[in-house]
Amino acid sequence: SACYQDIEKDFIKCGETQDSRKYLQQVSDAVFKHHHASIALKKPKESEWKIAGLDDTSYKGEEEIKEWKNFYLNSVEMEVLGAVENLVPTESGQLVIMLCEDRQVYAYDGEEMHLVALSLGEVFDSGLQYPGIKSFYRGECFKNMVRINLLEKEHQDLLRQAKPSFLSCLDSIKGASRTVTGGQV
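Under the working numbering, the first residue of the sequence shown carries the number 9, and numbering increases by one thereafter.
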């Protein structure tokens, strides 16, 4: 079993690449290498990060990870890091933690997605902030789309209301044009 420093070194080393796809693959490799190892976290108090892939969490074989990618955050790629143990039970019984391509660490508690650390380094240095620095509810990534659709509808309504007045003005211009040109348009 690898010691804490070896695990930390392997995960932090992943951050040396700038390519987000390569980064997530390297993190996946580190998860595989240290599979089932546990690390004591500084926060939440008395909690542990059990390093594991999705199949070793309470969401094994579920479609939920697709939802995490598409309904909580804006279609990001992510790599499951494992689960946090020794917490007050969440709805699922586990707080699953993952790293996204933005290099920030998120956690899912059965109801919401939480931004719990700004980097993997922060996880090792100070633990996880749970509840999160920021929380995301299911469908939150679509809230701006709804607003855009509302603005489009308001725009169409405004055009519909202004159309009669606009056409009337055009008719007046055409009428004035016929008078000036002697009836030819």
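Note that beta-carbon positions come from the ideal geometry of N, C-alpha and C, so glycine has one too.
As the structure is a prediction and not an experimental result, all values here were calculated from the model.
- The way I'd put it, the segment 135 to 146 doesn't touch the segment 22 to 30; fewer than three beta-carbon pairs between them come closer than 8 Å.
- When secondary structure is reduced to three states using DSSP, residue 93 falls in the strand class.
- Sequence-distant Cβ neighbours of residue 145 in its own chain, meaning closer than 6 Å and more than five residues away, are 120.
- Taking residue 128 as the centre and dropping the five residues before and after it, the same chain places the C-beta of 19 closer than 6 Å to its C-beta, in chain order.
- Fewer than three Cβ pairs drawn from the segment 51 to 60 and the segment 168 to 176 lie within less than 8 Å of each other, which leaves the two stretches out of contact.
- In this structure residue 12 is exposed. Its beta-carbon is surrounded by fewer than 16 other beta-carbon atoms within 10 angstroms.
- Relative to the Cα of residue 107, the nearest Cα in the group 24, 123, 142 belongs to 123.
- Apart from sequence neighbours up to five positions away, the residues of its chain that approach residue 91 with a beta-carbon distance below 6 Å are 58, 65, 102, 104, ordered along the chain.
- Per DSSP, residue 141 is not a residue of any alpha helix (DSSP H), being assigned neither H nor E.
- Taking 7 Å as the cut-off, the beta carbon of residue 88 is found no closer than this to the beta carbon of residue 113.
- Of 62, 161, 160, the smallest CA-CA separation from residue 115 is found for 62.
- The beta carbon of residue 16 sits closer than 7 Å to the beta carbons of 132 from its chain, once the five residues preceding and following it are set aside; these are given in chain order.
- In the structure shown, residue 58 falls within a strand segment according to DSSP collapsed to helix, strand and coil.
- A distance of 7 Å or more separates the beta carbons of residue 39 and residue 22.
- For residue 125, the uninterrupted beta strand (DSSP E) run begins and ends at 121 to 125, by DSSP.
- When secondary structure is reduced to three states using DSSP, residue 66 falls in the coil class, being assigned neither helix nor strand.
- For residue 31, the enclosing alpha helix (DSSP H) stretches over residues 28 to 41.
- Each residue's CA atom was taken as its position, placing residue 181 and residue 164 some 25 Å apart.
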